[in-house]
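Residue numbers (the working numbering), protein chains in the order written: chain E, 3 to 248; chain X, 490 to 806.
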Ligand SMILES: Cc1cc2nc3c(=O)[nH]c(=O)nc-3n(C[C@H](O)[C@H](O)[C@H](O)COP(=O)(O)OP(=O)(O)OC[C@H]3O[C@@H](n4cnc5c(N)ncnc54)[C@H](O)[C@@H]3O)c2cc1C
Ligand SMILES: Nc1ncnc2c1ncn2[C@@H]1O[C@H](COP(=O)(O)O)[C@@H](O)[C@H]1O
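#1: Cα-Cα, which of 562(X), 709(X), 696(X) is closest to residue 750(X)?
#2: State yes or no: is the C-beta of residue 438(X) nearer than 7 angstroms to some heavy atom of ligand 1?
#3: Report yes or no: is there a C-beta of chain X within less than 8 angstroms of the C-beta of residue 30(E)?
#4: Excluding the five sequence neighbours on either side, which residues of its own chain have a C-beta within less than 6 angstroms of the C-beta of residue 146(E), listed in chain order?
#5: As a quick exercise: from 109(E), 228(E), 140(E), 82(E), pick the residue whose alpha carbon is nearest that of residue 194(E).
#6: Which residues of chain X have a Cβ atom closer than 7 angstroms to the Cβ of residue 15(E), listed in chain order?
#7: In angstroms with no decimal places, state the Cα-to-Cα distance between residue 536(X) and residue 646(X).
#8: How many Å lie between residue 250(E) and residue 659(X) at the Cα?
#9: Touching or not, the stretch 17–28 of chain E and the stretch 55–69 of chain E, by the rule of three or more beta carbon pairs under 8 angstroms?
#10: With DSSP as the reference, label residue 129(E) as helix, strand or coil.
#11: Does the Cβ of residue 634(X) have 16 or more other Cβ atoms within 10 Å, making it buried, or fewer, making it exposed?
#12: In this structure, does DSSP put residue 85(E) in helix, strand or coil?
#13: Comparing C-alpha positions only, which one of 172(E), 174(E), 165(E), 177(E) sits nearest to residue 672(X)?
#14: Who are the near neighbours of residue 90(E) in its chain, counting only those whose CB is closer than 7 angstroms to its CB and skipping five residues on each side?
#15: Using a Cβ-Cβ cut-off of 8 angstroms, state whether residue 150(E) counts as contacting chain X.
#16: Going along the chain, which unbroken runs of the beta strand (DSSP E) with 3 or more residues stay wholly within the stretch 679–750 of chain X?
#17: Could you say if the stretch 779–795 of chain X and the stretch 722–739 of chain X meet the contact criterion of at least three C-beta pairs nearer than 8 angstroms?
#18: For a test of the three-state rule: what should DSSP assign to residue 490(X), helix, strand or coil?
#19: Would you mind sorting residue 56(E) into buried or exposed? The rule is 16 or more other CB atoms within 10 Å of its CB.
#20: Cβ atoms of residue 130(E) and residue 590(X): under 8 angstroms apart, would you say?
#21: Against chain E, with Cβ distances strictly below 8 angstroms, would residue 720(X) count as a contact?
#22: Could you tell me which whole beta strand (DSSP E) segments of length 3 or greater appear in the stretch 619–659 of chain X?
#23: Spell out whether any CB of chain X is found under 8 angstroms from the CB atom of residue 213(E).
#24: Let me confirm a value: residue 42(E) is counted as buried when at least 16 other C-beta atoms fall within 10 Å, else exposed. Which label applies?
#25: Where do the N-terminal and C-terminal ends of the alpha helix (DSSP H) with residue 192(E) fall, by residue?
#26: Looking at the structure shown, is residue 178(E) part of a helix, part of a strand, or coil, going by DSSP?
#27: Where does the unbroken beta strand (DSSP E) through residue 140(E) begin, and where does it stop?
#28: Report the residue from 727(X), 722(X), 765(X) whose alpha carbon sits nearest the alpha carbon of residue 740(X).
#29: Just the chain E side, please: which residues come within less than 8 angstroms of residue 791(X) by C-beta, in chain order?
#30: Closer than 9 angstroms by beta-carbon distance: list the chain X residues that pair up with residue 46(E), in chain order.
#31: Can you say whether residue 189(E) is buried or exposed, counting buried as having 16 or more other CB atoms within 10 angstroms of its CB?
#32: Quick one: any contact between the stretch 32–47 of chain E and the stretch 9–18 of chain E, if contact means 3 or more CB pairs under 8 angstroms?
#33: What number of angstroms, rounded off, separates the C-alpha of residue 698(X) from the C-alpha of residue 570(X)?
#34: Against chain B, with Cβ distances strictly below 8 angstroms, would residue 608(X) count as a contact?
#35: Below 8 angstroms, how does it come out for the stretch 525–539 of chain X and the stretch 493–501 of chain X: are there three or more Cβ pairs, yes or no?
#36: Listing by chain order, which chain X residues have their CB less than 9 angstroms from the CB of residue 238(E)?
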């Protein structure tokens with residue numbers, strides 16, 4: 003199968019989040035970056051598993067500057083065969099989706115994988131935009147994917163359950179927990195990754211119509227009120243009378 | 490001109506989020522001197538309920554293919570064209586996650602998922618949204634003439650505005666799906682975690698999956714849904730769908746009770762939008778206490794059963 007996995011770069015999960023330039027810019031100073039966990043743990047690994055079982059190629063794709071190559075190499079070390087970086091700042095979901103669709107439109111990928119969301123902007127938009135640009139079916143929050151005789155059976159997470167569906171490739175999906183188990187790259191993978199192709203391609207024209215103009219921090223908690231562990235009636239009273247949540 | 494809100498009835502019933510989306514749509518319609526049109530899969534009797542939340546025109550359609558975002562987004566986009574909508578409003582849930590991006594592309598619209606505020610005015614169209622897994626807020630400017638927005642739950646509230654309702658039908662028979670829906674499996678009985686207002690969650694402090702009885706007892710007593718930290722679900726103590734946090738489900742309940750959870754930053758990221766947080770932990774230095782409203786420093790094996798008893802007493806009084 004010809005598989006494409008969209009990977010994004012996000013701040014590491016413990017990174018300090020603050021802003022500069024009048025709260026108009028994310029402060030990147032000292033921030034460590036990782037591959038977006040949903041892309042790395044679930045989308046990429048399931049794509050590699052399918053390739054191992056059925057044959058084919060896994061291509062990892064990222065829209066971003068050359069500094070992202072280190073993240074892309076990790077995808078190759080985990081087991082992707084080749085990689086593409088579209089050389090531009092990923093300025094919005096529609097920009098990213100537009101770029102990937104332009105690249106993928108003439109390459110007949112069977113399945114295009116995205117993650118459930120990027121853990122920085124939490125948009126959950128790129129996958130469905132990409133599907134629409136390419137005119138393909140889209141399955142969101144996929145927690146199970148099997149291919150039998152070329153046909154896909156898919157479980158999509160919904161509130162309190164799953165929708166079980168079946169369809170023929172090609173299609174686009176977003177990967178959720180359950181789809182695969184995280185793989186740690188080994189030494190051999192890391193060495194091989196150095197020789198795998200990583201091509202940078204030029205971006206196409208696209209205007210952003212949704213922009214972050216400013217950032218702010220959520221209101222701080224006013225401080226914890228400690229309740230005597232012997233006196234749970236008091237906690238219940240506070241939850242009932244003060245917080246009014248029960 | 491209109492604002493179109495898409496609201497889905499599940500098993501013939503609307504959820505609270507449907508009324509929140511209508512309330513959001515109504516205030517947006519007011520800003521634009523536009524009408525609020527609701528597109529819905531319900532029958533016209535069920536749909537009549539929407540009149541209380543500012544909906545002027547309710548448009549009912551029938552489709553077996555709601556699971557296919559290609560079909561559903563086409564229906565919504567065609568209805569948006571028919572009713573000359575300059576904004577399409579959705580609830581923020583698994584359904585809209587598949588629809589929003591498609592609609593944005595179809596309508597050439599600006600898009601924000603999980604918006605938690607209304608714009609100040611129709612001309613200065615900015616809305617805020619929780620980002621960096623609720624560690625920050627992004628203020629988004631939507632510059633296209635058209636906008637598609639999903640509304641974060643428990644953020645803008647429900648506002649009742651009774652309107653006279655006119656009923657219309659939308660013929661959705663001409664749309665065909667390439668995805669076969671085999672089965673919908675839903676957990677019966679409890680409120681699904683993403684929708685729960687009361688959540689009781691436990692972590693590694695529980696020591697063993699066999700000890701969860703006291704957590705379930707507390708959840709049952711409150712009518713709450715259970716959740717857990719990531720290592721708990723990763724080691725198979727609890728199912729994946731209970732995992733909350735940055736890489737699990739992000740929740741926004743009224744009450745979150747955390748039992749034997751240290752409060753790692755990735756855990757907090759998924760739960761600190763909860764209105765009230767109660768932390769039960771034997772370690773007074775546990776980081777979770779900094780994010781809590783109420784804290785109990787003590788052994789969970791003593792405290793949790795005592796809390797259940799206290800709630801029962803309060804319910805009986
Ligand atoms: C990339 C990444 C993503 C992650 N995503 C998530 C996520 O989405 N969600 C998540 O939860 N974690 C996530 N984690 C893991 C996170 O860093 C923590 O390891 C995890 O949340 C800890 O789980 P815990 O609090 O249950 O366990 P612990 O940290 O082991 O805490 C157990 C707590 O129980 C208390 N305790 C023990 N015994 C008792 C007792 N008898 N009575 C009362 N209290 C007791 C202890 O004092 C302690 O505070 C992620 C980590 C990484 C690196
Ligand atoms: N810059 C990017 N390059 C490649 N893929 C991306 C990029 N940004 C987002 N994606 C993909 O889109 C998914 C959803 O991202 P988002 O819509 O930003 O939440 C991610 O999990 C990635 O698979």
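Heads up, the beta-carbon is just placed ideally off N, CA and C, and yes, glycines get one too.
Working from what's here:
#1: On the second chain, position 261 is the one that residue 750(X) refers to. Checking every option, the nearest Cα to that of residue 750(X) belongs to 696(X).
#2: Look at the range of chain X in this structure, 490 to 806, and you will see that residue 438(X) is not part of it.
#3: Within the first chain, residue 30(E) is the residue found at index 28, counting from 1. At a cut-off of 8 angstroms between beta-carbon atoms, residue 30(E) makes no contact with chain X.
#4: For the purposes of this step, residue 146(E) is taken as the residue at position 144 of the first chain. Counting only Cβ-Cβ distances below 6 angstroms, and skipping sequence neighbours, we find 157.
#5: If you number the first chain from 1, residue 194(E) lands on position 192. Nearest C-alpha to residue 194(E): 82(E).
#6: Counting from one through the first chain, the residue named residue 15(E) turns up at place 13. What residue 15(E) touches in chain X: 735, 754, 755.
#7: In the second chain, counting from the first residue as 1, residue 536(X) sits at position 47. In the second chain, counting from the first residue as 1, residue 646(X) sits at position 157. Taking the straight line from one Cα to the other gives about 20 angstroms.
#8: An answer regarding residue 250(E) cannot be provided, because it is not within the stretch 3 to 248 covered by chain E.
#9: no
#10: Here residue 129(E) refers to the residue found at position 127 when the first chain is read from its first residue. DSSP places residue 129(E) in helix when its eight states are reduced to three.
#11: In the second chain, the residue the question calls residue 634(X) occupies position 145. Answer is exposed; the Cβ neighbour count stays below 16.
#12: Stepping through the first chain from its first residue, residue 85(E) is reached at position 83. Here residue 85(E) sits in strand by DSSP.
#13: Counted from its first residue, the second chain places residue 672(X) at position 183. Closest by alpha carbon: 165(E).
#14: Taking the first residue of the first chain as 1, we reach residue 90(E) at position 88. Once the five neighbours on either side are set aside, the close Cβ partners of residue 90(E) are 65, 101, 205.
#15: Mapped onto the first chain, residue 150(E) falls at position 148. So, not an interface residue.
#16: Counting only runs of at least 3 residues, the stretch 679–750 of chain X fully encloses the following beta strand (DSSP E) elements, listed from N- to C-terminal order: 687–691, 714–717, 744–748.
#17: no
#18: As a first step, residue 490(X) is located in the second chain; it is residue number 1 there, counting from the start. Coil at residue 490(X), not helix or strand.
#19: Counted from its first residue, the first chain places residue 56(E) at position 54. Exposed, because fewer than 16 other Cβ atoms sit within 10 Å of the Cβ of residue 56(E).
#20: Translated into the one-based positions of the second chain, residue 590(X) becomes position 101. Translated into the one-based positions of the first chain, residue 130(E) becomes position 128. Result yes, Cβ atoms of residue 590(X) and residue 130(E) sit closer than 8 angstroms.
#21: Position 231 of the second chain, counting from 1, holds the residue named residue 720(X). So, not an interface residue.
#22: 625–631, 636–640, 655–658
#23: Taking the first residue of the first chain as position 1, residue 213(E) is located at position 211. Chain X, which has a Cβ nearer than 8 angstroms to the Cβ of residue 213(E), makes this yes.
#24: Taking the first chain and counting its residues from 1, the one referred to as residue 42(E) is at position 40. Buried: at least 16 other Cβ atoms inside 10 Å.
#25: The count along the first chain starts at 1 and reaches residue 192(E) at position 190. Residue 192(E) -> alpha helix (DSSP H) spans 189–195.
#26: If you number the first chain from 1, residue 178(E) lands on position 176. The answer is coil: DSSP assigns residue 178(E) none of H, G, I, E or B.
#27: The count along the first chain starts at 1 and reaches residue 140(E) at position 138. Counting along the chain, the beta strand (DSSP E) containing residue 140(E) begins and ends at 140–150.
#28: The count along the second chain starts at 1 and reaches residue 740(X) at position 251. It is 765(X).
#29: Residue numbering aside, residue 791(X) sits at position 302 when the second chain is read from its first letter. The contacting residues are 231.
#30: Here residue 46(E) refers to the residue found at position 44 of the first chain. Within 9 angstroms Cβ-Cβ: nothing; residue 46(E) doesn't reach chain X, min ~15 angstroms.
#31: Within the first chain, numbered from 1, the residue matching residue 189(E) stands at position 187. Per the 10 Å Cβ criterion, exposed.
#32: yes
#33: Position 209 of the second chain, counted from the start, is the residue given in the question as residue 698(X). Position 81 of the second chain, counted from the start, is the residue given in the question as residue 570(X). If you take the alpha carbons of residue 698(X) and residue 570(X), they lie about 53 angstroms apart.
#34: The structure shown contains no chain B; its protein chains are E and X.
#35: The stretch 525–539 of chain X vs the stretch 493–501 of chain X: in contact.
#36: In the first chain, residue 238(E) corresponds to position 236, counting from 1. Neighbours of residue 238(E) on chain X, chain order: 796, 799, 800, 802, 803.
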